[in-house]
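**Q** I am attaching a structure below and will ask some questions about it afterwards.
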Amino acid sequence: MSPKSLLKKCPRCKIYTLEEYCPLCGEKTKVPHPPKFSPEDRYGKYRRLMKKLAFGEKYYS
6 MSPKSLLKKC PRCKIYTLEE YCPLCGEKTK VPHPPKFSPE DRYGKYRRLM KKLAFGEKYY
66 S
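Here the working numbering is used: the first residue of the sequence shown is 6, the next is one more, and so on.
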């Protein structure tokens, strides 16, 4: 496991920890890093479709 994936962040407290749950509030922590960039964007089609549905044609063009 890479060191980057060990670090987690509490969405409620905004603190970083190595634990699965926040030591202050008990909320489940999340990985704060964005997904790895790839020129072959496998989910780009779905992301654009969600933007189109959420914001309409005007935003999407």
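C-beta: ideal position from N, C-alpha, C; glycine also.
#1: I'd like to check one pair, K19 with K35: are the Cβ atoms closer than 8 Å?
#2: In the DSSP assignment, what are the bridge partners of Y51?
#3: What residues in its chain sit with their C-beta under 8 Å from that of Y26, if we drop five residues either side in the sequence?
**A** According to the structure shown:
#1: As a first step, residue 35 must be located in the sequence shown, where it is residue number 30. As a first step, residue 19 must be located in the sequence shown, where it is residue number 14. Not closer than 8 Å, so no.
#2: Taking the sequence shown and counting its residues from 1, the one referred to as residue 51 is at position 46. According to DSSP, Y51 bridges with nothing at all.
#3: Here residue 26 is taken as the residue at index 21 of the sequence shown, counted from 1. E32, K33, T34, listed in sequence order.
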